[in-house]
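Per the UniProt record's numbering, numbering of the sequence shown is gapless, rising by one per residue and ending at 74.
All residues carry an ideal CB built from backbone N, CA and C; glycine is no exception.
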Amino acid sequence: MKTHVKKGDDVVVISGKNKGKRGVVSSVNAKKQTVIVEGARILKKAVKPSEADPEGGIKEVDGPIHISNVKKVS
Numbered sequence: 001m002k003t004h005v006k007k008g009d010d011v012v013v014i015s016g017k018n019k020g021k022r023g024v025v026s027s028v029n030a031k032k033q034t035v036i037v038e039g040a041r042i043l044k045k046a047v048k049p050s051e052a053d054p055e056g057g058i059k060e061v062d063g064p065i066h067i068s069n070v071k072k073v074s
């Protein structure tokens with residue numbers, strides 16, 4: 001499936017709770033029609049302690065946004 005944005009593009013969120021936020025696309029999932037924009041939709045995720053992250057705790061991660069809710073900025 002072809003999309004109007006790709007990884008590395010500058011985009012602005014045009015609708016929803018995060019309207020007006022700008023960022024860079026870090027990944028595109030064409031099958032689910034979602035994109036992950038750095039700094040646009042921050043989610044808090046509980047992480048168990050592991051060897052890579054011995055502290056664990058609550059981490060902030062970027063969440064997906066539907067591809068129709070973002071517009072490419074030139």
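In terms of alpha-carbon separation, which member of Met1, Thr3, His4, Val70 lies closest to glutamate 38?
For the purposes of this step, residue 38 is taken as residue 38 along the sequence shown, with counting starting at 1. Among Met1, Thr3, His4, Val70, the Cα nearest to that of glutamate 38 is on Val70.
Look at the alpha carbon of lysine 48 and the alpha carbon of valine 25, and state the distance between them as a whole number of angstroms.
By 1-based counting over the sequence shown, the position of residue 48 is 48. By 1-based counting over the sequence shown, the position of residue 25 is 25. In a straight line, the C-alpha of lysine 48 is about 27 Å away from that of valine 25.
For the region 52-67 against the region 21-35, are there 3 or more C-beta pairs whose distance is under 8 Å?
yes
Taking 8 Å as the limit between beta carbons, can you name the residues of its chain near lysine 6, skipping five residues before and five after?
One-based indexing of the sequence shown puts residue 6 at position 6. Contacts found: Val25, Val28.
For alanine 40, count the other beta carbons within 10 Å of its own beta carbon; 16 or more makes it buried, fewer makes it exposed. Which is it?
Here residue 40 is taken as the residue at index 40 of the sequence shown, counted from 1. Classification for alanine 40: buried.
Check: asparagine 69 C-beta below 7 Å from any heavy atom of the ligand FAD:
Inclusion of the ligand FAD in the displayed structure is not the case, the ligand content being empty and no account of it being possible.
Taking C-alpha atoms, which residue in Lys19, Leu43, Val11 lies nearest to isoleucine 58?
For the purposes of this step, residue 58 is identified with residue 58 of the sequence shown, where counting begins at 1. Comparing Cα-Cα distances from isoleucine 58 to each of Lys19, Leu43, Val11, the minimum goes to Leu43.
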